[in-house]
Every structure is written in C-alpha cells, then in structure tokens.
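A quick write-up on the structure given underneath.
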Amino acid sequence: MIKKHLLTRSVMLVLVLISMLNIFGTTITETGAKPLPLSLRTSKFIFITKSRTAVAYNFANEALPVNDAKVNYKLFKTLRKHDFRTVQSNILHRKAEKWFPIIEPILKFYGIPDDFKYIPLVESGFKSGRSPKGANGIWQFMPGTARTYGLRVGHGTDERLNLRKSTIAACKYIKELYGEFNSWTLAAAAYNNGSIKLARAINRQNEDNYFRMKLNRETGSYVYKLIAMKAVIEQPKEHGYQNYFFLPPAPQLLAFN
Numbered sequence: 001m002i003k004k005h006l007l008t009r010s011v012m013l014v015l016v017l018i019s020m021l022n023i024f025g026t027t028i029t030e031t032g033a034k035p036l037p038l039s040l041r042t043s044k045f046i047f048i049t050k051s052r053t054a055v056a057y058n059f060a061n062e063a064l065p066v067n068d069a070k071v072n073y074k075l076f077k078t079l080r081k082h083d084f085r086t087v088q089s090n091i092l093h094r095k096a097e098k099w100f101p102i103i104e105p106i107l108k109f110y111g112i113p114d115d116f117k118y119i120p121l122v123e124s125g126f127k128s129g130r131s132p133k134g135a136n137g138i139w140q141f142m143p144g145t146a147r148t149y150g151l152r153v154g155h156g157t158d159e160r161l162n163l164r165k166s167t168i169a170a171c172k173y174i175k176e177l178y179g180e181f182n183s184w185t186l187a188a189a190a191y192n193n194g195s196i197k198l199a200r201a202i203n204r205q206n207e208d209n210y211f212r213m214k215l216n217r218e219t220g221s222y223v224y225k226l227i228a229m230k231a232v233i234e235q236p237k238e239h240g241y242q243n244y245f246f247l248p249p250a251p252q253l254l255a256f257n
C-alpha cells in the first residue's frame, strides 16, 4: 500500500514537472517567435551595399540609368554626404517645412515639376547670401539673368531677395531651359552651368543623357545633389533624421499672383 502510494505521488510529481516545462517552453517559444518592431529591424541609416541600385531614384520622373555602376556609386556617395551621420543637423528639414509651402504652388502654377523646389536647398540652403561671382538670393541668380526674367537689380533694389518674385523668375527660366533641352534633368544641369556651356558639351560629346555625360565637377554632381536632397527630405528616417521641427510659413508670403 505504501509502495503504491509512493508510486502514485511520484507519477503526479513527474506530470507536474512536465506541465511546468511545457508552460515555460511555450512562453519562451512565443516570445522568441514574436517579430521585432520595424524600428529595431530596420537600420537607422542607409548603408551602401553592392545590391543597391539607383533604379528607385529619379529627378522630375526622369529615371537614372539602370545597372550603371558609375551612376550607382556617384548617387550613393552623394547620399552618404547628406545623411544625418555627416550633416548632424535638422536645419534643412526645418527650412524645407517653412518655405516649401510657398514655393510649391508657384512651381505648380507655372508647370514646373515639384522636384525643382530642391534647387534652393542645394544652391543656397535657403540663405540669401551673395556668392563670390555675384549670384544672390535663394535661387542664386546672377544680376544679368535676374533682369532677363523680370527682377529689378540695382539702385538700392535687389528683387533676387524677394522669395515670391525670385521663384516666379526661376520658373520662367527653368521652363525656357526645358524648351531648349526637352529634359528636366538637363534643364537642372543648365540652371547650374548655363545653357550655352551645356549645349556645347552635348554637341561635343554627342550625348544628351546627363548621367552619361562628362561635365565639370560642380555640374556633374549637381543633379545627384538634388536627388539626394529629395531623398533625405522625403524619407528622413531612412537617412538617420529621426526628429525635426515644423515652422509654419509666414502667411503674408503665400500669395503669388
């Protein structure tokens, strides 16, 4: 009787131990199987790998050449220069949120692709400083070009510093460049280098694809900078920008016609 009682208690103890192991095993398995939050599974920054290509990037809906190692290298090198690890500041995002609501409707009104709003970020960082060559304002107009497109410059007046008027002038200039080159990418390059120099380069090289042309260092990297700026502004977290602040646009500047 005593042996039978001991056997029964032993069996019950074994069953309890097995049950406890199953409970703990289930808990561990479920915890281990639970997927990590996206924020923990995704890298904070973009890391360049050989598998990444430029196919996902474009300027004004004009795609970059696919499977071109040189283009990929230049693009991702430029992206690295604009990610948070390098820049260590959210100031460009704050400026974009402040001034883009003023620039965007003007671009749309004149039929200019939205991507051209990144030119002031690349040209001037939305600063109205004068360059050593004499360009001024956020669109960095030279005095002669500014006058050609309706801006008053001289005698104590410089409308290159007027955001609304200078943006309208930029739209007129960009539209004319597109009419000459029939490409928004080339129009952007010509905005930087001048239409005469770009036209000569096209004729000399018998090549009208910006990404395959041999241009001076500044113009050759110009559109890449625009694309990189677009990427970090539109997809900030992918490039390490976790937080930035919204500054509302000045209401008196919103009207443009």
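So the sequence shown is numbered by the UniProt record's numbering: it starts at 1 and just counts up by one.
We put the beta carbon where it would ideally sit given N, CA and C, even for glycine.
Less than 8 Å between the C-beta atoms of residue 149 and residue 172, yes or no? yes
What do you reckon, are the CB atoms on residue 60 and residue 139 nearer than 8 Å? no
Mark residue 31 as exposed unless 16 or more other C-beta atoms lie within 10 angstroms of its C-beta, in which case mark it buried. No answer about residue 31 holds up, because its pLDDT of 33 lies below 50 and its placement is not dependable.
Taking the Cβ atom as the reference point for each residue, do residue 143 and residue 137 lie within a distance shorter than 8 Å? no
Cut-off 8 Å between Cβ atoms - residues of its own chain near residue 107, not counting five sequence neighbours on either side: 113, 114, 116, 117, 167, 171
Tell whether a beta-carbon distance below 8 Å holds between residue 92 and residue 228. no
For residue 193, I'd like the list of residues in its chain whose CB is within less than 6 Å of its CB, leaving aside the five on either flank, ordered along the chain. 219
Is residue 153 helix, strand or coil when you go by DSSP? strand
Among the candidates 68, 69, 70, 83, whose CA atom is the shortest distance from the CA of residue 231? 83
In chain order, what residues of the same chain lie with their CB nearer than 6 Å to the CB of residue 146, ignoring the 5 residues before and after it? 153, 160
Give every residue of the same chain whose Cβ lies closer than 7 Å to the Cβ of residue 22, excluding the five residues on either side of it in the sequence, and list them in chain order. With a pLDDT of 44 at residue 22, under the threshold of 50, the predicted position of this residue should be treated as unreliable, and no value is reported.
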